[in-house]
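Residues in the sequence shown are numbered from 284 upward in steps of one, following the numbering used here. From the three backbone atoms N, C-alpha and C, an ideal C-beta is built for every residue, glycine too.
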Amino acid sequence: MTPERTEKLLQVLNSRQANLTVVMENVQDPHNISAVMRTCDAVGIQDIYILNTKIPRHKKFGAKSSSSAAKWLTIHEFDNVVSCFNALRLKYETILTTHLSTDAISLYDINFTKSIALVFGNEHSGVSDEVRILADGNFIIPQKGIIRSLNISVACAVTIYEAFRQKNIAGHYNQPSLLQQQRNVLLKEWKMYDVV
284 MTPERTEKLL
294 QVLNSRQANL
304 TVVMENVQDP
314 HNISAVMRTC
324 DAVGIQDIYI
334 LNTKIPRHKK
344 FGAKSSSSAA
354 KWLTIHEFDN
364 VVSCFNALRL
374 KYETILTTHL
384 STDAISLYDI
394 NFTKSIALVF
404 GNEHSGVSDE
414 VRILADGNFI
424 IPQKGIIRSL
434 NISVACAVTI
444 YEAFRQKNIA
454 GHYNQPSLLQ
464 QQRNVLLKEW
474 KMYDVV
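Quick look at the structure:
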């Protein structure tokens with residue numbers, strides 16, 4: 284690996300955000316999952332969570348839509364809601380779900396400079412009741428059209444780019460967020476990939 288490529292990997296690792304994550308619950312289409320992964324990589328999210336309680340674990344994700352983003356991310360897979368939330372509570376202060384409800388706050392009222400996990404639900408039924416009960420609240424993406432929902436990959440992109448905007452203004456990308464030990468482990472893993 285060239286010194287230039289190593290430097291690029293270090294720059295990416297130093298921009299990864301330890302206090303922001305995405306959780307996908309029972310998302311059926313692997314291409315949706317992969318599109319979310321690609322966006323997570325783009326805004327510096329390292330850890331993502333995939334929770335499958337109603338569908339089988341995905342054998343692989345849509346490589347074309349992810350541009351192989353999965354290999355650059357740390358993917359945590361769960362088949363139990365409580366276990367997933369226990370893991371999330373160890374790392375994130377607040378857990379919010381995307382859900383149209385009377386108490387839902389606007390995406391633009393979320394303070395993304397704090398530690399937060401964002402849960403996106405199934406393409407057809409959204410976030411489950413069980414997950415909503417365990418979460419700290421709900422948020423919505425303001426819309427003016429007749430259709431009141433977005434494709435999960437679009438909804439996630441809109442949301443985490445708002446997080447990116449806030450975190451960028453706050454200077455979160457100017458200093459490493461991941462622990463040095465985690466950065467060292469990831470750099471070693473990344474160097475093993477056959478990078479074009």
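For residue 383 against residue 415, the beta-carbon gap comes to about 11 Å, at or over 8 Å, which does not count as contact. Inclusion of residue 456 and residue 311 in the CB contact set at 9 Å is not warranted, their separation being larger than that value.
By the Cβ rule, the segment 306-320 does not count as touching the segment 467-476, because fewer than three pairs are nearer than 8 Å. Nearest to residue 359 by C-alpha distance, out of 333, 437 and 371, is 333. For residue 318, the enclosing alpha helix (DSSP H) has its first and last residue at 313-326. Nearest to residue 328 by C-alpha distance, out of 338, 357, 285 and 426, is 357.
Less than 9 Å separates the beta-carbon of residue 336 from that of residue 363. For residue 360, the enclosing beta strand (DSSP E) covers residues 357-361.
In this structure the segment 385-396 does not touch the segment 287-299; the number of beta carbon pairs closer than 8 Å is below three. Residue 370 is not a Cβ neighbour of residue 323, given a cutoff of 9 Å. Boundaries for residue 338: no beta strand (DSSP E) harbours it, and the DSSP string shows neither H nor E there. Bridge partners of residue 330 according to DSSP: 357. By the neighbour-count criterion, in which 16 or more other beta carbons inside 10 Å mark a residue as buried, residue 461 falls on the buried side. Annotated three-state conformation of residue 447 is helix, per DSSP. No residue range can be given for residue 302, since it is assigned to no alpha helix (DSSP H) and is classified by DSSP as neither H nor E. Rounded to whole angstroms, the separation of the alpha carbons of residue 314 and residue 407 is 15 Å. Secondary structure of residue 307 (DSSP, three-state): strand. The C-beta separation of residue 303 from residue 446 comes to about 6 Å, placing the pair in contact by the 8 Å criterion. DSSP places residue 424 in the coil class of the three-state scheme, outside both helix and strand.
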